[in-house]
Each structure stands twice: as structure tokens, then as C-alpha cells.
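Those letters in the sequence shown? Residues 4 to 211, per the working numbering, in order. Worksheet for the structure shown next.
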Amino acid sequence: MGNLAHALKTPLSVIANEAEGKTGKFPRLVSAQAKIMDEQVRLYLDRARMAASSQVLGVASDVAPAISGILRTLSRIHIDRTIEVEFDPPADIRFKGEKHDFEELVGNVLDNAFKWTGSKVKVSVTKTVVSEPGIKMLHLVVDDDGPGLAGDMRLEALQRGRRLDETKPGSGLGLSIVTELVDIYGGEIKLGKSEFGGLQVEIWLPRA
């Protein structure tokens, strides 16, 4: 995947550069398609890296510092809004995987919660065990008090590039990237209705 990505980068750059600055329907079409191709190369390269890292034995990362850091960053970004954040950092829960992957996953979920919430975001992480085949897991739950999603829209929200509302900034890739990461690590993701009436995101991941 790495070799393929590097082999495609140069010709894609040439195509994009040739189309840049030129007027007309054809240059615009070429530029737009080259951008899409570049994004796909990056996404599948990241996916290959994540799949490889998930197989590395002994890799583990602390959950609480990662979540706390992301919450601080998002609180600063949304400082103009009054958002109450509830999070009781767990002392001894570790994700069985790469720190970068966990931060990517949690970052996308929390970014989505902060964008849509009215005034409250709640995050909780607990230990659990999947009875079959008895794998130790962590259970991450993120609740907000935003508009939420109807049942038939929850599956759509997890599809790559699907944006349910164009009024919010973003590529529409956030939750689909989360889904891919969860799948790679053998976890599970579920969308539902939060206790505050908004969206609830539940994620199960392996823990060390």
C-alpha cells in the first residue's frame, strides 16, 4: 500500500498542477477528480497502517489522558459556546492498540458531539468483557443534547462521506473513519438516543 501510494502521488500532483488556474469545465473536473483520488490514496494508506498496527503485540495506550486532551482542545475551539463537559477519567483502563488510532477514533466522535450539542457533552469509559469469546473490552459512551438522529438515519451516518446536514463544516468522513477503526480492532459501534435526547455513540474496543 505504501509503494502504491507513493507511485500515485507524483502523477496526481502533475495532473492537479496542470489543471490549477485554468478556466473552463474540463480543468475544473480534472482538478476535482484529482483531489478525490488523492484523498482516497491517503485514506487507504491510513487504513493499511491501522490494520498493521492493530496486529502488533504488546502495544497499549492510556485512555484517560487521550480523552482529556481532546476535550480540552475542543473546549477551546468552541469557547464561544457554553458547553458543559462531564467526564470522570478512569484510572486504570488502557486501549489495546496504537495511541494515534485511539485519538483519531475518539477525536472524530467528540468533534461530532461538540458540533451538534446544544449545551452538554458526557463521556464515560468502563471495563467490560465480551462473553463470547471472553475478550476484555473497554466501553466508551459519548452523549450529547443535540438534535440526535432518527433510527433510519443512524446507519447512513456511518457510511463513508455521507453528510446528513450540509450546514456543519467537515468532509462527512468522521464517523465512517471511526467505523473502519472499530472494525480493524475487532470492536463494535452503535448509535442510539442519549439520556439528554441527542445522539449517543457507544463503542467497544479491546483493552490491555
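All residues carry an ideal CB built from backbone N, CA and C; glycine is no exception.
- Annotated as distal: GLY195 and GLY121, with beta-carbon spacing of 9 Å or more.
- Of the residues VAL66, TRP207, LEU46, VAL88, the one whose Cα lies closest to the Cα of ASP147 is VAL88.
- LEU7 counts as exposed, since fewer than 16 other C-beta atoms from the protein chains shown sit within 10 angstroms of its C-beta.
- When the alpha-carbon of ARG84 is set against those of VAL124, SER16, LYS12, the nearest one is in VAL124.
- DSSP places PRO93 in the coil class of the three-state scheme, outside both helix and strand.
- Nearest C-alpha to GLU183 among LYS28, GLU198, LEU208: LEU208.
- Judged by their CB atoms, GLY189 and ILE138 are nearer to each other than the 9 Å cut-off.
- One Cα belongs to VAL144, the other to VAL66, and the distance between them is close to 13 Å.
- Per the DSSP secondary-structure output, HIS142 pairs in a beta bridge with THR129, TRP207.
- Taking the C-beta atoms as reference points, VAL44 is found nearer than 9 Å to LEU15.
- When the alpha-carbon of MET140 is set against those of ILE206, ALA19, PRO68, the nearest one is in ILE206.
- By the neighbour-count criterion, in which a residue is buried when 16 or more other Cβ atoms sit within 10 angstroms of its Cβ, ARG210 is buried.
- ASN115 has its alpha-carbon roughly 26 Å from the corresponding atom of ASP95.
- ASN20 counts as exposed, since fewer than 16 other beta carbons sit within 10 angstroms of its beta carbon.
- Beta-bridge analysis with DSSP links VAL88 to VAL124.
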